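Inspection log for the structure reproduced underneath, given as structure tokens.
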Amino acid sequence: MSDMLTAEALDIIFREARSYNGWLDKDVSEDQIHAIYELLKMAPTSANMQPARIVWAKSSDAKEKLAALAMDGNKDKITSAPVVAIIGYDIDFHEELPWLFPHTDAKSWFEGDEEGRKEGAFRNSSLQGAYLMIAARALGLDCGPMSGFDNDKVDAEFFGDNPRHRSNFICAIGYGDRTSIFERSPRPEFDKFNRIA
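Going by full-length UniProt numbering, the letters in the sequence shown line up with residues 1 to 197, in that order.
Right, here's the structure in full:
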């Protein structure tokens, strides 16, 4: 890697990007969903574990079911979005490591350590959820990440056929309505929360 992104690209991904609460009536296609995934999967996870398991709630029925399991303040954000990604994780991600990380017997690192797998899967699926947002923004879409839902009920409704999968957070994706965002909240200067040792 040698070339830095342009200032415009950095604005799109970071400086001017916002978390949206409302959406324009404009579809996000299945091709766009696939394009987001094709980018996010390339970003690093520990031992390439790729623990994220994502359900893309695109149909009205799926979004209504998800909204029914969310806090009141999130219901409209979910139902009005073109698509909402439910970012989950697989506790048994290690079963896929023989082909995802073929350089060594990485599966053995995690066998017999379910708590360690849960920790690793949660951390790395959180990373993948962040990569998802970066990918969506890079492709010209806006995001509205959320918690504020009943994880156990979402797991039963959307991951019920995979009982070793758990929900982490959700992210609405579409074309944001700028009237739905608040003023930018403060961002700390480097010295506030950082030090170079």
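All C-beta atoms, glycine included, are put in the ideal place defined by N, C-alpha and C. A quick note: this is a predicted structure, and the numbers were derived from the prediction, not measured.
Boundaries (first-last residue) of the beta strand (DSSP E) holding residue 146: 142-146
Chain-order list of residues whose beta-carbon lies under 6 Å from that of residue 192 (same chain, five-residue window excluded): none
Cα-Cα separation between residue 186 and residue 137, rounded to whole angstroms: 21 Å
C-beta atoms of residue 26 and residue 82 nearer than 9 Å: yes
Per-residue DSSP class, three states only, for residue 161: coil
Spatial distance of residue 103 from residue 167 (CA atoms): 29 Å
Per DSSP, cross-strand counterpart(s) of residue 23: 176
Exposure of residue 144, with buried meaning 16 or more beta-carbon neighbours within 10 Å: Residue 144 should be labelled buried.
Best match in 156, 142 and 164 for proximity to residue 181 [C-alpha to C-alpha]: 142
Status (buried if at least 16 other CB within 10 Å, exposed otherwise) for residue 5: Exposed: under 16 other Cβ atoms inside 10 Å.
Residue 174 versus residue 155: straight-line alpha-carbon distance, rounded: 24 Å
Paired residues, beta bridge with residue 88 - DSSP: 53 and 167
Residue from 100, 72, 67 and 93 whose Cα sits closest to the Cα of residue 86: 67
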